[in-house]
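Going down the list, the protein sequences come from chains A and B.
Residues 1 to 396 (our numbering) are what the first sequence spells out, left to right.
Residues 1 to 383 (our numbering) are what the second sequence spells out, left to right.
Notes follow the structure.
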Amino acid sequence: MDLRFRPEHLAFRERVREFVATEMPPDLRAVAEVDGHFEHEQVMRWHRILYRKGWVAPHWPVEWGGAGLDPTERFILNEELELAGAPHLSPFGLYMVGPLLLQFGTDAQKRRFLPKILSGEEVWCQGYSEPGAGSDLASLRTTAVDDGTGHLIVNGQKTWTTYAQHADWMFCLVRTDPTASKPQAGISFLLVDMRSPGVTVRPMLTIGHTPAFCDTFLENVRVPKENVVGPLHGGWTLAKALLGHERTLIAAVGLSRRALLRVKRIAARTLDNGRPLLDDPRWRERIARLEVRLRALQVQNWRALWAQQQGRAPGPESSVLKIRGSELSQQILELAMDVMGPNARNWFEPPTDWLHPLEQWVGPSHCYARATTIYGGTNEIQRNVIAKLVLGLPVR
Amino acid sequence: MDFDLTEEQRLLADAARRFVRHDSPVARARRMREDARGWEPDVWRKMGELGWLGLSLPERAGGAGGSMVDVMVLLEALGAGLVPEPYIASAVLAAQAIRHAGDADQQSRWLAPMIEGRTSLALAWMEPARRYALRPEGTVARREGNGYRLDGRKIWVDNGHAADALVVSALAPDGPTLFVVPRSAQGLAVTRRRTIEEQPSAEVRLDAVRVGAEDRLGPEGSALPALERALDCAAAAAVAEGLGVAGAAFALTLAHLQTREQFGVKIGTFQVLQHRAVDMFVELEMLRSMAILAAVECENEHDDTRRGAVSAAKAQLSAGGRLVVQQAIQLHGGIGITDEHDVGLFFKRMTALAVLYGDETHHLERLAAQPSFLEGVDRPAPG
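Here is the structure:
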């Protein structure tokens with residue numbers, strides 16, 4: 001047993017730190033310092049900076065623009081970017097449809113789509129959920145009917161299509177065989193050009209006041225049949241494969257480490273009867289309780305990383321990362337709110353002599369963090385999956 | 001980074017699991033509840049022959065010179081069988097105190113026979129109304145002739161009733177000091193006390209107990225660092241044992257969910273119980289990570305790193321480990337409350353481990369007191 005990173009990995013961590021210190025533009029750095037909301041333009045500018053460095057898709061094969069980093073280096077790169085508060089790149093191209101194209105796409109599909117995902121020229125969104133199909137995704141009703149001229153005609157409504165207003169393309173699940181024996185069997189994985197006639201996007205605010213969510217309406221949208229990825233009616237396999245990618249990143253330990261440090265920094269500035277909360281044993285204990293959870297999650301993540309570095313399939317140690325990581329991120333922001341006390345109600349209002357810049361965005365972040373236990377498969381669905389696949393509990 | 005066990009460690013784990021299966025199933029722990037000693041010298045001797053009692057102790061004292069990771073591997077297996085021999089009390093807590101405070105001769109004298117399984121030890125460090133304070137105040141060592149006279153009282157001396165010698169902390173003229181007191185010493189009164197987990201502990205009274213200067217471990221005033229190091233090893237060992245205890249309680253629970261039927265179906269089909277089982281599984285995984293962290297760091301010479309890691313791990317045991325065994329009882333229903341079902345034995349052992357060597361509050365406070373806890377926190381200038 002050895003918990004130390006190898007010297008070459010420590011050296012790589014230094015390289016990443018140096019890169020962030022020199023390459024992150026001042027306006028992004030200013031947003032990071034207050035943990036504010038990055039505009040789409042800022043996210044894409046950061047995307048292009050990482051692209052030029054060759055680090056935008058570190059997990060892709062080198063021949064498609066990957067960075068040729070081992071799993072530990074990828075982990076370190078991600079962790080350092082999280083610790084720096086850098087913009088979170090849109091995951092839909094880089095982490096979702098990209099890897100699926102690499103695994104299931106035709107050569108033509110890879111050549112057409114991968115380079116532009118990499119460069120950031122084309123932005124993607126995800127069309128999975130529907131108003132009537134959330135956790136029960138296989139009940140989705142968006143249809144795609146072969147019109148006999150080499151096109152599928154798509155009709156339906158997708159929802160929670162995050163940042164669809166900025167997207168050039170959407171990967172989605174559509175029902176191509178309504179007569180299939182099981183709901184999962186008649187679904188295909190389809191790439192839709194968001195500029196096609198019949199596509200309408202209606203953005204909506206989240207409770208964190210970011211315009212992250214959209215309803216996306218599809219009315220007689222013509223999509224070439226070559227935009228089906230994998231076998232026709234075989235889309236469910238792709239949907240499930242997506243869950244297996246880059247699991248050590250899902251715990252977001254870097255983000256939680258950064259967030260807990262910010263709680264301490266706020267507590268050092270928050271006075272109660274002249275004494276900083278950070279010097280009050282009651283508050284120290286509450287912070288320490290989350291520090292314990294953070295350390296446990298960190299070692300858990302290292303164990304999953306070790307398995308990955310050894311080329312092993314993700315084991316039980318990685319199945320719990322999403323549940324614990326998302327819960328912890330919420331608990332930390334909730335503690336930040338508690339530390340702020342009456343200031344916790346602040347909604348974007350700028351800092352003043354009684355409100356520190358660290359506090360400005362905590363309220364909105366706390367609100368939006370409620371999404372972490374919902375997206376990527378709710379934590380309840382995660383528990384269903386672990387109960388069945390890891391614990392072997394009986395299915396009714 | 002490396003999270004794999006070595007070949008030797010895998011063999012050790014196999015041997016320990018075999019030992020539990022053949023020599024010390026839970027039924028034996030149950031039987032030993034009726035025994036005055038609470039454990040069997042023959043089994044202790046066998047553990048010595050297997051080389052288990054000196055796993056992490058120095059070779060010059062007859063130990064194997066291994067690490068606390070070896071101890072972790074062993075104790076997870078022994079914990080799953082609730083093996084009643086006083087492994088942590090004697091081979092970790094008392095032994096590490098002697099190792100850290102004693103000179104080479106003292107280590108050989110007291111550790112070698114224990115490592116062979118011929119003797120057992122105990123550490124007497126706790127006093128009434130002092131919770132987990134390391135500093136002895138109610139036990140005093142006065143210089144007398146060439147030696148000392150010890151007076152005072154110690155509580156919760158695990159294995160004190162059976163130990164051949166006790167390591168006792170006492171306040172000497174130059175500060176807290178450790179002494180080795182043979183069980184046969186005049187003026188030493190040991191009262192056996194029952195515990196929740198039925199592994200006997202003891203209250204010890206020292207009334208004008210005379211010991212020689214050669215029984216003093218290290219110079220006067222050297223006790224606290226040695227005690228702290230010994231307790232860090234014991235806490236890490238407790239997390240490892242707790243992992244075994246909680247893991248076994250969880251295995252019983254899973255089996256129950258897969259066989260017990262109500263409303264015409266296996267109760268494991270109910271989503272509310274499935275999710276509870278997953279919550280237990282998540283805590284177990286976190287506990288395994290923390291057991292590793294504690295085992296690797298509990299001998300770290302860097303105080304901040306060692307204290308932070310051990311305290312975080314022990315706090316995790318007290319919170320997460322208890323959740324597992326409490327929910328194990330809950331998911332068993334009425335049968336879980338009966339003395340005849342094993343799940344209650346695991347529950348009780350975990351309940352004890354939670355408060356041994358520092359409870360959750362103690363360790364959270366300790367974690368928060370380390371400089372690394374405030375690393376990166378810029379404090380505003382006062383005023």
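Just so you know, even glycine gets a beta-carbon here, dropped at the ideal spot from N, CA and C.
In terms of residue numbering, what span does the beta strand (DSSP E) encompassing residue i cover?
{"i": "Lys158/A", "result": "His151 to Thr159"}
{"i": "Val223/A", "result": "Phe213 to Pro224"}
{"i": "Gly127/A", "result": "Trp124 to Gly127"}
With DSSP collapsed to three states, give me the class of residue i.
{"i": "Glu82/A", "result": "helix"}
{"i": "Leu398/A", "result": "It is not possible to answer for residue 398/A, since the shown part of chain A is limited to 1 through 396."}
{"i": "Val199/A", "result": "strand"}
{"i": "Val145/A", "result": "strand"}
{"i": "Ser372/B", "result": "helix"}
{"i": "Met204/A", "result": "strand"}
{"i": "Pro316/A", "result": "helix"}
{"i": "Val211/B", "result": "strand"}
{"i": "Arg275/A", "result": "strand"}
{"i": "Glu402/A", "result": "Missing from the structure shown is residue 402/A; chain A here goes from 1 to 396 and no further."}
{"i": "Leu333/A", "result": "helix"}
{"i": "Leu69/A", "result": "coil"}
{"i": "Leu134/B", "result": "coil"}
{"i": "Ala89/A", "result": "It should be pointed out that residue 89/A corresponds to Leu in this sequence rather than to Ala. Leu89/A: coil per DSSP, three-state reduction."}
{"i": "Leu50/B", "result": "coil"}
I need the boundaries of the alpha helix (DSSP H) containing residue i, first residue and last residue.
{"i": "Ala112/B", "result": "Ala104 to Ile115"}
{"i": "Asp339/B", "result": "That residue, Asp339/B, is in no alpha helix (DSSP H); it is neither H nor E in DSSP."}
{"i": "Thr424/B", "result": "For residue 424/B there is no data in the structure shown, the boundaries of chain B being 1 and 383."}
{"i": "Ser289/B", "result": "Gln271 to Glu297"}
{"i": "Ser311/B", "result": "Asp303 to Gln316"}
{"i": "Met32/B", "result": "Val26 to Met32"}
{"i": "Ser67/B", "result": "Where Ser67/B is concerned, there is no enclosing alpha helix (DSSP H), given that its DSSP letter is neither H nor E."}
{"i": "Leu389/A", "result": "No alpha helix (DSSP H) contains Leu389/A, which DSSP labels as neither H nor E."}
{"i": "Asn301/A", "result": "Pro281 to Gln309"}
{"i": "Gly363/A", "result": "Val362 to Ala369"}
{"i": "Ala13/B", "result": "Glu7 to His22"}
{"i": "Trp46/A", "result": "His40 to Lys53"}
Name the DSSP bridge partner or partners of residue i?
{"i": "Asp2/B", "result": "Asp2/A"}
{"i": "Phe189/A", "result": "Leu173/A and Val229/A"}
{"i": "Leu217/B", "result": "Leu178/B"}
{"i": "Glu261/B", "result": "Lys266/B"}
{"i": "Arg153/B", "result": "Arg205/B"}
{"i": "Arg193/B", "result": "Ser201/B"}
{"i": "Thr352/A", "result": "Leu355/A"}
{"i": "Val168/B", "result": "Ala124/B and Phe179/B"}
{"i": "Tyr148/B", "result": "Arg143/B and Val211/B"}
{"i": "Gly234/A", "result": "Ile187/A"}
{"i": "Leu57/B", "result": "DSSP lists no partner for Leu57/B."}
{"i": "Leu188/B", "result": "Leu206/B"}
Compute the minimum distance between the beta carbon of residue i and the heavy atoms of the ligand SAM, and state whether it is under 6 Å.
{"i": "Leu140/A", "result": "In the structure on display, the ligand SAM does not appear, and there are no ligands present to speak of."}
Using Cβ-Cβ distances below 7 Å, what residues of the region 205-222 of chain A are close to chain B?
-> For the region 205-222 of chain A, which is checked against every Cβ of chain B, not one residue is closer than 7 Å.
Closer than 7 Å, Cβ to any Cβ of chain A: which residues of the region 2-21 of chain B, in chain order?
-> Here the close residues are Asp2 and Phe3.
Is there contact between the region 373-392 of chain A and the region 305-314 of chain B, where contact requires at least three CB pairs shorter than 8 Å?
-> By the Cβ rule, the region 373-392 of chain A does not count as touching the region 305-314 of chain B, because fewer than three pairs are nearer than 8 Å.
Report yes or no: do three or more beta-carbon pairs, one from the region 342-349 of chain A and one from the region 360-380 of chain A, lie closer than 8 Å?
-> Enough Cβ pairs lie closer than 8 Å, so yes.
Quick check: the region 229-244 of chain A against the region 100-109 of chain A, are there 3 or more CB pairs under 8 Å?
-> By the Cβ criterion, the region 229-244 of chain A is in contact with the region 100-109 of chain A, since at least three pairs of Cβ atoms, one from each stretch, lie closer than 8 Å.
Relative to chain C, which residues along the region 274-290 of chain B have a C-beta separation below 7 Å, given in chain order?
-> In summary, chain C is missing from the structure at hand, where the protein chains are A and B.
Do the region 279-299 of chain B and the region 231-245 of chain B make contact, defined as three or more Cβ pairs closer than 8 Å?
-> Here the region 279-299 of chain B lies against the region 231-245 of chain B, with 3 or more beta-carbon pairs under 8 Å apart.
For the 8 Å Cβ check, are there 3 or more pairs between the region 121-131 of chain A and the region 158-174 of chain A?
-> A contact exists between the region 121-131 of chain A and the region 158-174 of chain A.
Selection of the region 258-276 of chain A by Cβ proximity to chain B, strictly under 7 Å | Answer in chain order: Leu261, Lys264, Arg265, Ala268 and Arg269.
Which residues, in chain order, does the region 42-56 of chain B contribute to contact with chain A at a C-beta distance below 7 Å?
-> Result list empty, no residue passes.
Quick one, which residues of the region 240-270 of chain B are near chain A if we go by CB-CB under 7 Å, in chain order?
-> For the region 240-270 of chain B, which is checked against every Cβ of chain A, the residues closer than 7 Å are Leu254, Leu257, Gln258, Val265, Lys266, Gly268 and Thr269.
Would you check if there are 3 or more beta carbon pairs closer than 8 Å linking the region 212-220 of chain A to the region 184-204 of chain A?
-> Flag = yes, the region 212-220 of chain A and the region 184-204 of chain A touch.
Could you tell me whether the region 135-155 of chain B touches the region 196-209 of chain B, using the rule of 3 or more Cβ pairs below 8 Å?
-> Yes, they touch.
Using 8 Å as the threshold, is the region 167-176 of chain B in touch with the region 218-234 of chain B, meaning 3 or more CB pairs across them?
-> Yes: at least three Cβ pairs fall under 8 Å.
Is the number of C-beta pairs between the region 241-260 of chain B and the region 121-136 of chain B that are closer than 8 Å three or more?
-> Contact fails: fewer than three Cβ-Cβ distances are below 8 Å.
Stretch pair the region 255-271 of chain B + the region 367-378 of chain A: three plus CB contacts closer than 8 Å | Counting Cβ pairs under 8 Å, fewer than three are found: no touch.
Compile a chain-ordered list of the residues in the region 306-317 of chain B whose CB is closer than 7 Å to at least one CB of chain A.
-> Result list: Ala312, Ala315 and Gln316.
Are there three or more Cβ pairs, one per stretch, closer than 8 Å when the region 25-35 of chain B is compared with the region 338-345 of chain B?
-> Result yes; three or more Cβ-Cβ pairs closer than 8 Å.
At least three beta-carbon pairs within less than 8 Å, the region 73-90 of chain B to the region 119-126 of chain B | Result yes; three or more Cβ-Cβ pairs closer than 8 Å.
Is there contact here, the region 279-295 of chain A with the region 361-368 of chain B, by at least three beta-carbon pairs under 8 Å?
-> Cβ pair count under 8 Å is three or more, so yes.
Spell out a yes or no on whether the region 152-164 of chain A and the region 105-120 of chain A are touching, meaning 3 or more CB-CB pairs, one atom from each, closer than 8 Å.
-> Contact fails between the region 152-164 of chain A and the region 105-120 of chain A, because fewer than three Cβ pairs, one in each stretch, are under 8 Å apart.
Is the number of C-beta pairs between the region 33-49 of chain B and the region 157-164 of chain B that are closer than 8 Å three or more?
-> Flag = yes, the region 33-49 of chain B and the region 157-164 of chain B touch.
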